[in-house]
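Participant: Submitted below is the structure of interest, expressed as structure tokens.
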Amino acid sequence: MTVAVDASRRRRDEVVDALAGQAARLRVGTRLPSEAQIMRQFDVSRSVARAAIEQLESCYLVRRVQGMGTYVHRRLDVPVGGDGLPSFHRVIAAAGARPRTVVVATLAERAPDAAAALLGPAVTCKVERLGFVDDDPTSALEHWLCPGALPEPAVALRAYESVHDCLDAAGVDAQCVLRRATTDSAPAWVCRRLELPARSEAWLTESACVESGTGRPLYYARVWSRMDRVRLMLDAAE
Numbered sequence: 001m002t003v004a005v006d007a008s009r010r011r012r013d014e015v016v017d018a019l020a021g022q023a024a025r026l027r028v029g030t031r032l033p034s035e036a037q038i039m040r041q042f043d044v045s046r047s048v049a050r051a052a053i054e055q056l057e058s059c060y061l062v063r064r065v066q067g068m069g070t071y072v073h074r075r076l077d078v079p080v081g082g083d084g085l086p087s088f089h090r091v092i093a094a095a096g097a098r099p100r101t102v103v104v105a106t107l108a109e110r111a112p113d114a115a116a117a118l119l120g121p122a123v124t125c126k127v128e129r130l131g132f133v134d135d136d137p138t139s140a141l142e143h144w145l146c147p148g149a150l151p152e153p154a155v156a157l158r159a160y161e162s163v164h165d166c167l168d169a170a171g172v173d174a175q176c177v178l179r180r181a182t183t184d185s186a187p188a189w190v191c192r193r194l195e196l197p198a199r200s201e202a203w204l205t206e207s208a209c210v211e212s213g214t215g216r217p218l219y220y221a222r223v224w225s226r227m228d229r230v231r232l233m234l235d236a237a238e
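Just so we're aligned: 16 in the UniProt record's numbering is position 16 of the sequence shown, and the numbers increase by one with no gaps anywhere.
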């Protein structure tokens with residue numbers, strides 16, 4: 001029994017490697033062979049063909065559309081770190097995709113404990129937004145804006161969308177003083193907005209900016225992003 005299972009897994013892995021190599025040579029959105037075609041091409045059972053497709057999907061190499069087929073998929077490489085500002089719009093545009101955000105909610109709230117040392121105890125304007133990459137909901141953004149960082153931040157963000165475009169328009173020169181990234185189990189509200197199964201693993205990035213020259217705190221931000229749509233790339237440049 002164990003020998004049969006091991007042989008089935010080896011055969012599945014061989015099919016996965018072959019299909020991954022095929023997908024790497026094709027354009028994003030190209031349709032890949034169906035289960036029946038994979039069965040014929042590699043002389044395997046339906047269970048092996050299905051397991052191979054599931055493995056490719058779990059590695060974010062393909063995207064399955066129910067009733068339509070399996071398609072080549074690639075994640076957008078998004079740099080984290082380096083000299084640039086942590087602007088969702090600018091980073092996504094620089095990576096070659098179309099960014100867009102919509103304001104979901106604004107409220108008066110104290111910054112979380114993680115930002116208390118930087119922002120202090122003052123009540124901030126918290127802005128929640130949904131970020132799209134090429135029209136796909138990809139990121140859930142939270143910004144805690146310090147008092148005076150922006151005039152009428154809720155209005156400004158509906159006009160400009162980008163926090164850093166708003167700061168530029170207000171004549172504020174921002175400097176990043178915190179930037180870190182990890183993966184974590186996304187909370188329920190993030191999963192709902194990003195159309196993910198409950199407690200899905202997601203990218204979590206944190207950043208904070210102050211005014212260059214004065215050190216006046218501007219904001220603290222958290223961004224949750226779908227792992228199947230973006231891939232964070234560490235940029236260690238000073």
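Glycine included, C-beta positions come from ideal geometry on N, C-alpha and C. Nothing here was measured: the structure is a model prediction, and the numbers come from that model.
With distance defined between alpha-carbon atoms, name the residue in V172, L107, Y71, R231 nearest to R27.
Facilitator: As a first step, residue 27 must be located in the sequence shown, where it is residue number 27. Checked all of V172, L107, Y71, R231; the closest Cα to R27 is Y71.
Participant: On the DSSP bridge assignment, give the partners of R179 in chain order.
Facilitator: Position 179 of the sequence shown holds residue 179. Partner(s): S207.
Participant: My assumption, with CB atoms under 8 Å, is that E206 sits in contact with A221. Please give the rounded CB distance.
Facilitator: Residue 206 sits at position 206 when you count from the first residue of the sequence shown. Residue 221 sits at position 221 when you count from the first residue of the sequence shown. Confirmed, about 7 Å.
Participant: Tell me which residues share the same chain as S212 and place their Cβ nearer than 7 Å to its Cβ, disregarding the 5 neighbours each side in the sequence.
Facilitator: By 1-based counting over the sequence shown, the position of residue 212 is 212. Within the same chain, S212 has close Cβ partners D173, A174, Q175.
Participant: Just to confirm before moving on: does the CB-CB distance between residue 310 and V230 stay below 8 Å?
Facilitator: Residue 310 is absent from the structure shown; the chain starts at 1 and stops at 238.
Participant: For the 8 Å Cβ check, are there 3 or more pairs between the stretch 147–157 and the stretch 64–84?
Facilitator: Proximity of the stretch 147–157 to the stretch 64–84 falls short of the contact definition, fewer than three beta-carbon pairs being nearer than 8 Å.
Participant: In this structure, does DSSP put T12 in helix, strand or coil?
Facilitator: Numbered from 1 along the sequence shown, position 12 holds the residue referred to as residue 12. Sequence inspection shows Arg at residue 12; the Thr mentioned does not correspond to that position. The answer is helix: DSSP assigns R12 an H, G or I state.
Participant: For a test of the three-state rule: what should DSSP assign to A94, helix, strand or coil?
Facilitator: Start at 1 with the first residue of the sequence shown, and residue 94 comes out as number 94. In this structure, A94 counts as helix in the three-state DSSP scheme.
Participant: Measuring alpha carbon to alpha carbon, tell me which of P86, D113, G82, T182 ends up nearest V210.
Facilitator: Against the sequence shown, residue 210 aligns to sequence position 210. Nearest C-alpha to V210: P86.
Participant: What does DSSP give as the partner residues of L85 in its beta bridges?
Facilitator: Here residue 85 corresponds to residue number 85 of the sequence shown, with the count starting at 1. According to DSSP, L85 bridges with nothing at all.
Participant: Just checking my contact of P99 with V133 at CB under 8 Å: how many whole Å lie between their CB atoms?
Facilitator: For the purposes of this step, residue 99 is identified with residue 99 of the sequence shown, where counting begins at 1. For the purposes of this step, residue 133 is identified with residue 133 of the sequence shown, where counting begins at 1. Indeed they touch by this definition, with Cβ atoms about 6 Å apart.
Participant: Going by the beta-carbon positions, is the gap between V78 and M233 smaller than 8 Å?
Facilitator: Position 78 of the sequence shown, counted from the first residue, corresponds to residue 78. Position 233 of the sequence shown, counted from the first residue, corresponds to residue 233. Contact flag set, yes.
Participant: Which same chain residues, not among the five before or five after C125, have their C-beta less than 6 Å away from its C-beta?
Facilitator: As a working mapping, residue 125 is identified with position 125 in the sequence shown. Excluding residues within five positions, the ones whose Cβ falls inside 6 Å are L145, P153.
Participant: Please classify G215: does DSSP put it in a helix, a strand, or coil?
Facilitator: Position 215 of the sequence shown, counting from 1, holds the residue named residue 215. Three-state result, G215: coil.
Participant: On the premise that V16 lies in contact with A52, defined as a C-beta separation below 8 Å, what is that separation, rounded to the nearest angstrom?
Facilitator: Sequence index remark: in the sequence shown, residue 52 carries index 52 (1-based). Sequence index remark: in the sequence shown, residue 16 carries index 16 (1-based). Indeed they touch by this definition, with Cβ atoms about 5 Å apart.
Participant: Taking C-beta to C-beta, are V44 and S139 nearer than 8 Å?
Facilitator: Within the sequence shown, the letter at position 44 stands for residue 44. Within the sequence shown, the letter at position 139 stands for residue 139. No; because the gap between Cβ atoms is not below 8 Å, this pair is not in contact.
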